[in-house]
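**Student:** Can you keep this structure in mind? I'll have questions shortly.
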Amino acid sequence: MPRDEAVVPAPVRRNGSSRAAALAAAARRRRRLEAVLPWLLTLAALALWEVAVRGFAIPEFILPKPSAIAASMVKWWDPLLQNSWQTLMTTVVGFAAAIAFGLALGTAIGSSSLLYRGLYPVLIAFNSVPKVAVVPILVIWFGIGSVPAAITAFLLSFFPIVVNVATGIATVEPELSDVLRALGARPLDIVRKVGLPRAMPFFFASLKVSITSAFVGSIIAETVGSNAGIGHLMIVASSRFDVPLVFAGLVVTAVMGVAMYGGAQMVENRTIGWATRGMPAA
Amino acid sequence: MPDSGPARSARQDAFVELDGVEVLYGGDGGTLALRDASLSVAKGEFVAVVGPSGCGKSTLMRLVTGLWPASDGNVIVAGREVDGPLSIAGMAFQNPTLLPWRTVLDNVMLPLEVVVPHRGRLRRERAAYEAQARDLLSLVGLAGFEQRFPWQLSGGMQQRTSLCRALIHQPALLMLDEPFGALDVFTREELWGVLQDLWLARKPTVILVTHDLREAVYLADRVLVMSARPGRIVAERRIDFARPRRLAGTYAAEFQAVVQDLRDQIDESRRGDGQGAGDAA
Ligand SMILES: Nc1ncnc2c1ncn2[C@@H]1O[C@H](COP(=O)(O)OP(=O)(O)O)[C@@H](O)[C@H]1O
Ligand SMILES: [Mg+2]
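What follows is the structure, given as C-alpha cells:
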C-alpha cells in the first residue's frame, strides 16, 4: 500500500537508490510472510491434528480426523449449506437489529449525561443476565423457529455496540464542543458533525466483538428451540453420534464468522482510514 | 462600586463588557473562579489577558462566549446581555482540536455548516465559500495543503488551520485561549505575525489569553492583568506601538521596557492584591 512510498524516499539521497530498494524489498517480503502466516499455521495445526489422531488411534466419536471432517462436509454438503444459510440469515437479522438499536441507544446515552447516568447502570444489570437462560422463555413466547434465534443473536450482540458508541460520543473534547457551541451549534449538530464520526472507530471495534456474539446467540438458540440451522444440525448429528458432522458444523460456523468479521474489517478500512493515520488497520 | 465612576466613560462604545462578574464552579463550597471581574473591550480592539495559571482566564473566555453562566454580575456583548452561547464567536485553543477525518479545507469550512446565515447557503454556494476558505488558508501560508489531513501537518500548521477555522465565518468576536502555548518559539513568533495580519485585514474584536508577555505586547492594543484566583482585572496597560509591528521591534529597548514594566505591574498587583483581599475580608 502507500506505506512504503511514504516511508522510504527520505533517506534515498545520499546512498543511492540501492539501499532504498533493498529496504523496500525487505518490507515486501515481510508483508508476504504476514499474509501467508495464518494459512500456514492453520495447515500445520490440521496436519498435527491428523497425525495425532492417527498416531494415538483416537476413536472417531471422540475426536474425528480433519480428513474425516472434510469427508463428512462433502457427504452432507446439502444440509450443511441449507442450515448454515438459515443460521446466517437469523444471525444477520439479529445483528442488523443490534446495529440499529446499538447506534440509536449509544448515541442517546453518549449525548445526554442524564441518560448516561440513568440508563447505563440498567444496561449493565441487563447485560449481566445470562441471556442463554432467556432462550426457553423466547421459545414459549414465539414458538420453535428462527424468531427466538434472531432475538438471541440480537440480545447477545447489541451491548458492546451501545457501550462503544456512547463512549465515542461522550468523550468529544470539551474544547471542540465549545468551539461549535460558540458558533451556535445545536446539540444535534455536535453529535452529527463530531460525535458520530468520532465514535466510528469505537463502533467498528465493537462490531468485530458483536458479530461473534451474534453467531453464538443464534446457534445456541437453534440447539434449544429450533428445527433448522447449524445449531439444530449439530444437535441432531450428536444425538446420532455423527461426531465428524458436528465438527463439520463447527467449521462452517467458523467460516461464516470469519467472513462476517472480514466484511466488517473491509468497511472499516474504507470508512475510517483516518483513525489509523493512513495505515491499514490490523 | 468604587470603580464604576471612571470606567463608565470608557465603556461608551464597548463591544464586550463585564461588570462585577462572579463565576462559581460546582455550587456552594465550589471553586470561585472569578470575583468582581470588570472589563470592557471596544469594537475592533485587540486585547490580551495575562495572569497566573488557574486564575480564571479560560473561565473568562467561556463567560464572554456564553458557554458558562455568571453567578453574579452582567456580561454584555454587542449591546446584549449574554444568556446563552453567543453563536457569533470564533474560538481557538492551545489544542488545535481539528477533526482527523476531515481535510484541512473541510476542517476550516466546519463553522459554515453550523453558523446560521451560512449553513443554509453552503450547499448552493459551495464554490464561493470554498474559495474564501482557500484564500484564508493561503493568507496563513497553507496554500497547497488544503487536501491534507490534520495528522499530516506539523503542530504549527495545525494551529494555523485552527485559526482559519475560527475566522472563516468572519466573526465579530475572536476568542483565543493560549493558541500558541504548545508551539516552539520560532513557530510561535511566526504565528504572531500571521495573527496580526489576519486581524489587520478584518479587524474583529479579539480577546487573547496568553502566558507570554512578549506575545501580549507584540499583538495587543491593550494588555489586561488578572489577579490570582478568584480572578479579576487588577491592572491594564495600553500599547501604542505602530502597526504593523515587526518581530525585530520586540528586541528594541522601548518594547523591552514595556514588557518589563508590565512584569513589575503583575508583581505589584499580586502583592497589592493579597493585601486588598485581606482588607476586604
Ligand atoms: N468545569 C470546571 N469545574 C470546576 N472547576 C473548574 C472548571 N473549570 C475550571 N475550574 C477551576 O476554575 C479555576 C480557573 O480555571 P481556568 O479558568 O481554566 O484557569 P486558567 O485558564 O487561567 O488557567 C481553576 O481553579 C480551575 O480548577
Ligand atoms: Mg486556561
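Listed in order, the protein sequences are those of chains A and B. So the number in my numbering is just where the residue sits in the first sequence, counting from 1, plus 256. So the number in my numbering is just where the residue sits in the second sequence, counting from 1, plus 284. Positions of the beta carbon are idealized from the N, C-alpha and C atoms, including for glycine. Predicted, not measured: the structure shown is a model, and the values here were computed from it.
Can you give me the start and stop residues for the beta strand (DSSP E) that B:Phe377 sits inside?
**Tutor:** Here the beta strand (DSSP E) through B:Phe377 covers Ala373 to Phe377.
**Student:** What residues of chain B sit near A:Lys321, judged by a beta carbon separation below 9 Å?
**Tutor:** Ordered by position in chain B, no residue passes the 9 Å Cβ test against A:Lys321, which lies about 50 Å from the chain.
**Student:** Alpha carbon to alpha carbon, how far is B:Leu420 from A:Pro453?
**Tutor:** Using only the alpha carbons, I get a separation of about 26 Å.
**Student:** If we define contact as Cβ-Cβ less than 9 Å, is B:His495 a contact residue for chain A?
**Tutor:** So no, B:His495 is outside the interface.
**Student:** Classify B:Gln431: buried if its beta carbon has 16 or more other beta carbons within 10 angstroms, exposed otherwise.
**Tutor:** B:Gln431 comes out exposed.
**Student:** Please report the straight-line C-alpha distance between B:Ser288 and B:Asn379, rounded to a whole angstrom.
**Tutor:** At B:Ser288, the pLDDT of 40 sits below 50, so the modelled position is not reliable; the number obtained from the coordinates is stated separately. Each residue's alpha carbon lies about 37 Å from the other.
**Student:** Counting pairs of Cβ atoms below 8 Å between the region 516-524 of chain A and the region 367-378 of chain A, do you hit three or more?
**Tutor:** Taking 8 Å as the limit for Cβ pairs, the verdict is that the region 367-378 of chain A does not touch the region 516-524 of chain A.
**Student:** Would you please state the rounded distance, in angstroms, between the beta carbons of B:Leu351 and B:Ala321? I believe it to be under 8 Å.
**Tutor:** Their Cβ separation, rounded to whole angstroms, is 16 Å, which puts B:Leu351 and B:Ala321 out of contact at 8 Å.
**Student:** So which residues of chain B does A:Trp530 contact, with C-beta pairs closer than 7 Å?
**Tutor:** Near A:Trp530 (Cβ distances below 7 Å), the residues of chain B are Pro384, Trp385 and Phe433.
**Student:** Determine the extent of the alpha helix (DSSP H) in which A:Ile475 is found, giving its start and end residues.
**Tutor:** Where A:Ile475 is concerned, the enclosing alpha helix (DSSP H) stretches over Leu452 to Gly481.
**Student:** From this set, A:Phe312, A:Lys387 and A:Val330, which residue's C-alpha is nearest A:Ile476's C-alpha?
**Tutor:** It is A:Lys387.
**Student:** Give the DSSP-derived three-state secondary structure of B:Thr494 in the structure shown.
**Tutor:** Here B:Thr494 sits in coil by DSSP.
**Student:** Answer with yes or no whether the minimum CB distance from A:Pro258 to chain B is below 9 Å.
**Tutor:** With a pLDDT of only 45 at A:Pro258, under the threshold of 50, the placement of this residue in the model should not be trusted, and no figure is reported.
**Student:** Which same chain residues end up closer than 8 Å to B:Ala317 when comparing Cβ atoms and leaving out the 5 residues on each side of it in sequence?
**Tutor:** Excluding residues within five positions, the ones whose Cβ falls inside 8 Å are Val307, Leu308, Tyr309, Gly340, Thr343, Arg513, Pro514 and Gly515.
**Student:** Looking at B:Cys448 and ligand 1, is the gap between the Cβ and the nearest heavy atom below 8 Å?
**Tutor:** Checking the Cβ of B:Cys448 against ligand 1 gives no.
**Student:** Assuming contact is defined by CB atoms lying nearer than 9 Å, are B:Ala417 and B:Gln443 in contact in what I supplied?
**Tutor:** Their beta carbons are not under 9 Å apart, which means B:Ala417 does not touch B:Gln443 by this criterion.
**Student:** Any residues whose CB sits closer than 5 Å to a heavy atom of ligand 1? List them in chain order?
**Tutor:** Answer in sequence order: B:Tyr309, B:Thr315, B:Ala317, B:Ser337, B:Gly338, B:Cys339, B:Gly340, B:Lys341, B:Ser342 and B:Thr343.
**Student:** Residues of chain B with a CB under 7 Å from the CB of A:Val450: which are they?
**Tutor:** Here the neighbours are Leu383.
**Student:** May I ask you to report which of helix, strand or coil DSSP gives B:Ile360?
**Tutor:** Three-state result, B:Ile360: strand.
**Student:** Do you know offhand how far B:Ser337's Cα is from B:Arg319's?
**Tutor:** Distance between the alpha carbons of B:Ser337 and B:Arg319: 16 Å.
**Student:** Our contact map puts B:Leu447 next to B:Ala376 with C-beta atoms below 8 Å; I'd like the distance itself, whole angstroms only.
**Tutor:** That pair is a contact at about 6 Å.
**Student:** Would you report the Cα separation of A:Gly358 and B:Trp476, rounded to the nearest angstrom?
**Tutor:** Between A:Gly358 and B:Trp476, the C-alpha separation is close to 47 Å.
**Student:** Would a C-beta distance cut-off of 9 Å place B:Val300 and B:Thr489 closer than the cut-off?
**Tutor:** Result yes, Cβ atoms of B:Val300 and B:Thr489 sit closer than 9 Å.
**Student:** Answer with yes or no whether the minimum CB distance from B:Ala427 to chain A is below 9 Å.
**Tutor:** Not closer than 9 Å to any Cβ of chain A, the Cβ of B:Ala427 fails to qualify, so no.
**Student:** Look up B:Ile517 in the DSSP assignment and say whether it is helix, strand or coil.
**Tutor:** In this structure, B:Ile517 counts as strand in the three-state DSSP scheme.
**Student:** Who pairs with B:Thr489 in a beta bridge, going by DSSP?
**Tutor:** Partner(s): B:Leu457.
**Student:** Starting from the C-beta of B:Gly368, find all residues in its chain whose C-beta is less than 6 Å away, skip the five residues before and the five after it, and write them out in chain order.
**Tutor:** So the list reads Gly350, once near-sequence residues are dropped.
**Student:** Per the contact definition of three or more C-beta pairs closer than 8 Å, is the region 480-495 of chain A in contact with the region 331-346 of chain A?
**Tutor:** Taking 8 Å as the limit for Cβ pairs, the verdict is that the region 480-495 of chain A does touch the region 331-346 of chain A.
**Student:** Whole angstroms is fine: what's the gap from B:Leu482's alpha carbon to B:Arg364's?
**Tutor:** Looking at the two C-alpha atoms, the distance is approximately 26 Å.
**Student:** For B:Ser322, report the span of its alpha helix (DSSP H) as first-last.
**Tutor:** Where B:Ser322 is concerned, there is no enclosing alpha helix (DSSP H), although the beta strand (DSSP E) it sits in stretches over Thr315 to Ala326.
**Student:** Consult DSSP for A:Ala438 and reduce its assignment to one of helix, strand or coil.
**Tutor:** In the structure shown, A:Ala438 sits in coil (DSSP, three-state: anything other than H, G, I, E or B).
**Student:** If you draw a straight line from the C-alpha of A:Val268 to the C-alpha of A:Leu279, how long is it?
**Tutor:** Interpretation of A:Val268 is limited by its pLDDT of 46, a score under 50 that renders its predicted location unreliable; the figure taken from the coordinates is listed afterwards. Those two C-alpha atoms are separated by around 11 Å.
**Student:** What residues in the region 415-432 of chain A have a beta carbon less than 8 Å from any beta carbon of chain B?
**Tutor:** Listed by position along the chain: Glu429, Glu431 and Leu432.
**Student:** For B:Gly350, which three-state DSSP category applies?
**Tutor:** Three-state DSSP puts B:Gly350 in coil, outside helix and strand.
**Student:** Is A:Lys321 buried or exposed, if buried means 16 or more other CB atoms sit within 10 Å of its CB?
**Tutor:** Under this definition A:Lys321 is a buried residue.
**Student:** For B:Leu370, return the contacting residues in chain A, with the cut-off set at a CB-CB distance below 7 Å.
**Tutor:** Correct list: Ala438.
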